[in-house]
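Enquirer:
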Amino acid sequence: MRGSKRYGQFAGWMALLWLGGCGPTEANRSEQAGAALASAQTTSFQDGVSPSTAYAGTRDAMIEEEDSDANHGTDTRLSASGDTPAGSGNENYVLLQWDVSAIPANATVRSASIVLSVTDKADQSYGFFEVTRAWTEKQVTWERADSSHDWASNGADGAGDRSTVLLGAIRAASTGTYTVPLNAQGLAVVQKWVGTPGANHGVIIADKDLDNRLEVRSREDSTRTSRPKLVVTWDLDGPVPGTGSATYTGTCDGSAGVALEGGLFLNLNDESQTARLYARGQNSAPAQTRELNSMLGLSSSDEADFEDAARVGNRIFVTTSQARNKNGVLQASRYKFFALDVSGTAPQASLQFAGVSSNLLKDLLDGSNWTQPDAAVLSLLQARSRLSESTVAELAPKEQGTNVEGLAALPSGGLAIGFRNPQVGSSALVVTLTNPDAVVTGSRARFGQAIRLELGGQGIRGMAWSEAHQAVLVLSGPHDETPGPFALWKWSGVAGAAPVKVRDLTAPSDSSPEAVIPVPGTRDVQVLFDMGAHLVGGAECKEASVSSQSFTDAVFTVE
1 MRGSKRYGQF
11 AGWMALLWLG
21 GCGPTEANRS
31 EQAGAALASA
41 QTTSFQDGVS
51 PSTAYAGTRD
61 AMIEEEDSDA
71 NHGTDTRLSA
81 SGDTPAGSGN
91 ENYVLLQWDV
101 SAIPANATVR
111 SASIVLSVTD
121 KADQSYGFFE
131 VTRAWTEKQV
141 TWERADSSHD
151 WASNGADGAG
161 DRSTVLLGAI
171 RAASTGTYTV
181 PLNAQGLAVV
191 QKWVGTPGAN
201 HGVIIADKDL
211 DNRLEVRSRE
221 DSTRTSRPKL
231 VVTWDLDGPV
241 PGTGSATYTG
251 TCDGSAGVAL
261 EGGLFLNLND
271 ESQTARLYAR
281 GQNSAPAQTR
291 ELNSMLGLSS
301 SDEADFEDAA
311 RVGNRIFVTT
321 SQARNKNGVL
331 QASRYKFFAL
341 DVSGTAPQAS
351 LQFAGVSSNL
361 LKDLLDGSNW
371 TQPDAAVLSL
381 LQARSRLSES
391 TVAELAPKEQ
401 GTNVEGLAAL
411 PSGGLAIGFR
421 NPQVGSSALV
431 VTLTNPDAVV
441 TGSRARFGQA
451 IRLELGGQGI
461 RGMAWSEAHQ
471 AVLVLSGPHD
481 ETPGPFALWK
491 WSGVAGAAPV
501 KVRDLTAPSD
511 SSPEAVIPVP
521 GTRDVQVLFD
531 MGAHLVGGAE
541 CKEASVSSQS
551 FTDAVFTVE
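Next up, the structure:
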């Protein structure tokens, strides 16, 4: 496969166990990171009742095959029924969703159940399944998730619409109130909603093979206590995230980072192939570290130059700089694009290697791989890359060469690749990658279009999609080693839309902001600083002993 590497079940899917099974050293580090135990508590989510009478975070609707264009987002009764006899066109399904942001993002879910008031019995077992596509209550129909997006298959029955994993089931032999306990898979889904609110699209009650209609009261029902309710029992047994800046030891570079559940973030940097897990806001050493060399096919002497990462659901994509070294020498280790899959939740989270490509930049330079090839941009990138020449001093990444430092999910799907260098005139350059999952399993990379962003004449130093802001957060800075200025911007992710400057950023001396991490479930933003050139005892941090190395961050609210 073209520059791609996948591993077998035993040797290749290398689990990086971050929090489970720690030895004494890791346990001590976890204590230093601020692990705290709290007693379990239960939070109920029911419109007009709980967590308070002001709660209005439930969304529900029925989708109906017989009237496929009808929206039932304001109905007081919702029903589920199967297509029996087959082909009769009588299927109805029920969509349910609750805003669970009242639970701390670092909480661990211990149990969960759904409570429904049944008004028409069905002595058959209807299953609950996770919905994996966003939908809008007042717009959803049998055919459409919202006014702008169709379901992959009618009835929310296609790939990407919903999971096929059963989370729980209801069998209502009579009318009345029913409590549906969620199974282990259901708990994992609720845990995901707590830690990653943007992944919360609720559940669907559906079974096309049943012939007995089930009817339940909706959130519009006049009796508040009869409305759909989600009950979650949870506790805090992981690191409690801080709210301000902290010092993280063990490396100097905050080059790339993504948020994980439980108040944690994953750090990757441009000086080593070590992934580090830290508790946000806690002055600490990494709770866990893992070397990534073997899975990337690299040796300890190689430098991959990790520059940014983007989380899409449970997958983390990582890009290196796609750049020559500082002397303008081509090094294969610096042209990697790979993915890690997150499974489980804190404190038993793990990462699995999903695949790697070495051809991202090579494919990008070929206009036949673009949906909307931009001749001027292609010519510029080809001139700044010159992959057929082993050494070109002036094409060092902080001189005139290609240098990728941004990676972010896009609301339309795919990823945005942000360039520190080159710029197109005074504009920063973004290229959209449309098939990232396929790329890491060996397929040729496919690109959408080139986008020019006006960032005050600066290049891109980091990017991240923020669910809370419904925007791509962009760090800007000089394309070379000039010490600033730096700034944070918000951009819709839509071509042609202008970024909006949020604020200027001041970095510690001899440092620069290199990664931006939206804090899950909040409007807070964490910015990591690369402090490799920061002086420690008169010498640059990256030259100091590991015990003396550290980097810091800044955490602030963005409206």
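Read left to right, the sequence shown gives residues 1 to 559 (UniProt numbering). The beta carbon of each residue, even a glycine, is placed where N, CA and C say it ideally should be. Just so we're clear, the structure is a prediction, and the values are computed from it rather than from any experiment.
I'd like to know whether the C-beta atoms of A515 and G262 end up nearer to each other than 8 Å.
Expert: Reading the sequence shown from its first residue, position 515 is the one you call residue 515. Reading the sequence shown from its first residue, position 262 is the one you call residue 262. No.
Enquirer: Taking only the alpha-carbon atoms, compute the straight-line gap between A450 and D437 and give it to the nearest angstrom.
Expert: Here the question's residue 450 lines up with position 450 in the sequence shown. Here the question's residue 437 lines up with position 437 in the sequence shown. So the alpha carbons of these two residues sit roughly 20 Å apart.
Enquirer: When the Cα atoms are used, what is the spatial distance from I460 to N92?
Expert: Counting from 1 along the sequence shown, the entry for residue 460 is found at position 460. Counting from 1 along the sequence shown, the entry for residue 92 is found at position 92. Each residue's Cα considered, the two are about 48 Å apart.
Enquirer: Compute the Euclidean distance between the alpha carbons of T522 and A468, then round it to the nearest angstrom.
Expert: Counting from 1 along the sequence shown, the entry for residue 522 is found at position 522. Counting from 1 along the sequence shown, the entry for residue 468 is found at position 468. Taking the straight line from one Cα to the other gives about 7 Å.
Enquirer: Whole angstroms is fine: what's the gap from G224's alpha carbon to D99's?
Expert: Position 224 of the sequence shown holds residue 224. Position 99 of the sequence shown holds residue 99. With the sequence shown as reference, residue 224 is identified as Arg, and Gly is not the correct amino acid for it. The alpha-carbon atoms of R224 and D99 are separated by roughly 17 Å.
Enquirer: Using three-state DSSP, classify G21 as helix, strand or coil.
Expert: Walking along the sequence shown from the start, residue 21 turns up at place 21. Any reading at G21 must be qualified, since the residue scores a pLDDT of 31, below 50, and its modelled position is unreliable; no value is offered.
Enquirer: Can you tell which of L340, Y335, V232 and V115 has the C-alpha that lies nearest to the C-alpha of I205?
Expert: Position 205 of the sequence shown, counted from the first residue, corresponds to residue 205. Ranking L340, Y335, V232 and V115 by Cα distance to I205 puts V115 first.
Enquirer: Count the other CB atoms within 10 Å of the CB of T196; is the residue buried (16 or more) or exposed (fewer)?
Expert: Taking the first residue of the sequence shown as 1, we reach residue 196 at position 196. The residue is buried, with at least 16 neighbouring Cβ atoms inside 10 Å.
Enquirer: In chain order, what are the residue ranges of uninterrupted beta strand (DSSP E) at least 3 long that sit wholly in the region 115-178?
Expert: Qualifying beta strand (DSSP E) stretches, in chain order: 122-131, 144-146 and 162-172.
Enquirer: Where does A498 sit, in a helix, a strand or coil, going by DSSP?
Expert: Here the question's residue 498 lines up with position 498 in the sequence shown. Residue state, collapsed to three classes: coil.
Enquirer: For a quick check, are the C-beta atoms of L292 and A309 less than 8 Å apart?
Expert: The residue given as residue 292 occupies position 292 in the sequence shown. The residue given as residue 309 occupies position 309 in the sequence shown. Against a cut-off of 8 Å, the Cβ pair of A309 and L292 comes out as no contact.
Enquirer: By how many angstroms is the C-alpha of V555 removed from the C-alpha of E303?
Expert: Start at 1 with the first residue of the sequence shown, and residue 303 comes out as number 303. Start at 1 with the first residue of the sequence shown, and residue 555 comes out as number 555. Spanning the two alpha carbons is a distance of roughly 29 Å.
Enquirer: For the ligand ZN, is there any heavy atom lying closer than 7 Å to the beta carbon of Y178?
Expert: With respect to the ligand ZN, the structure offers nothing, as it holds no ligand at all.
Enquirer: Kindly indicate the opening and closing residues of the alpha helix (DSSP H) around G459.
Expert: Stepping through the sequence shown from its first residue, residue 459 is reached at position 459. No alpha helix (DSSP H) holds G459; the beta strand (DSSP E) holding it covers G459 to S466.
Enquirer: How about F306 and S255: are their beta carbons less than 8 Å apart?
Expert: The residue you call residue 306 lines up with position 306 of the sequence shown. The residue you call residue 255 lines up with position 255 of the sequence shown. Yes; because the gap between Cβ atoms is below 8 Å, this pair is in contact.
Enquirer: Pick helix, strand or coil for Q32, following the three-state DSSP scheme.
Expert: Position 32 of the sequence shown, counted from the first residue, corresponds to residue 32. Interpretation of Q32 is limited by its pLDDT of 33, a score under 50 that renders its predicted location unreliable; the figure taken from the coordinates is listed afterwards. Note: Q32 maps to helix in three-state DSSP.
Enquirer: In whole angstroms, what separates the C-alpha of A408 from that of L415?
Expert: Along the sequence shown, one-based indexing puts residue 408 at 408. Along the sequence shown, one-based indexing puts residue 415 at 415. Distance between the alpha carbons of A408 and L415: 5 Å.
Enquirer: Looking at the structure shown, is T506 part of a helix, part of a strand, or coil, going by DSSP?
Expert: As a working mapping, residue 506 is identified with position 506 in the sequence shown. Note: T506 maps to coil in three-state DSSP.
Enquirer: Checking 8 Å against the spacing of the C-beta atoms, do N212 and Q139 come in under that value?
Expert: For the purposes of this step, residue 212 is identified with residue 212 of the sequence shown, where counting begins at 1. For the purposes of this step, residue 139 is identified with residue 139 of the sequence shown, where counting begins at 1. No; because the gap between Cβ atoms is not below 8 Å, this pair is not in contact.
Enquirer: Count the other CB atoms, across all protein chains shown, that sit within 10 Å of the CB of V474; report buried if there are 16 or more and exposed otherwise.
Expert: For the purposes of this step, residue 474 is taken as the residue at position 474 of the sequence shown. Buried, because 16 or more other Cβ atoms sit within 10 Å of the Cβ of V474.
Enquirer: For the beta strand (DSSP E) that Q41 lies in, which residues bound it at each end?
Expert: The sequence position of residue 41 within the sequence shown is 41, counting from 1. Per DSSP, Q41 belongs to the beta strand (DSSP E) from Q41 to F45.
Enquirer: Could you check where the beta strand (DSSP E) with Q364 kicks off and where it finishes?
Expert: The residue you call residue 364 lines up with position 364 of the sequence shown. The sequence as given places Leu at residue 364; Gln does not occur at that position. Per DSSP, L364 belongs to no beta strand (DSSP E); it is in the alpha helix (DSSP H), L360 to L364.
Enquirer: Going by CA-CA distance only, name the one from Q273, L264, D253 and Y248 that's closest to S284.
Expert: Residue mapping note: residue 284 aligns to position 284 of the sequence shown, counting from 1. Nearest C-alpha to S284: Y248.
Enquirer: For Q46, which residues from the same chain have a beta carbon less than 6 Å from its beta carbon, with the 5 sequence-adjacent residues on both sides left out?
Expert: For this step, residue 46 is matched to residue 46 along the sequence shown. So the list reads R227 and K229, once near-sequence residues are dropped.
Enquirer: Output the boundary residues of the alpha helix (DSSP H) element that contains R384.
Expert: Locating residue 384 in the sequence shown gives position 384, counting from the first residue. Here the alpha helix (DSSP H) through R384 covers A375 to S385.
Enquirer: For S509 versus F529, is the C-beta spacing smaller than 8 Å?
Expert: Translated into positions along the sequence shown, residue 509 becomes position 509. Translated into positions along the sequence shown, residue 529 becomes position 529. No, they are not a contact pair.
Enquirer: Expressed to the nearest angstrom, what Euclidean distance is found between the alpha-carbon atoms of N183 and A169?
Expert: If you number the sequence shown from 1, residue 183 lands on position 183. If you number the sequence shown from 1, residue 169 lands on position 169. Whole-angstrom Cα-Cα distance: 9 Å.
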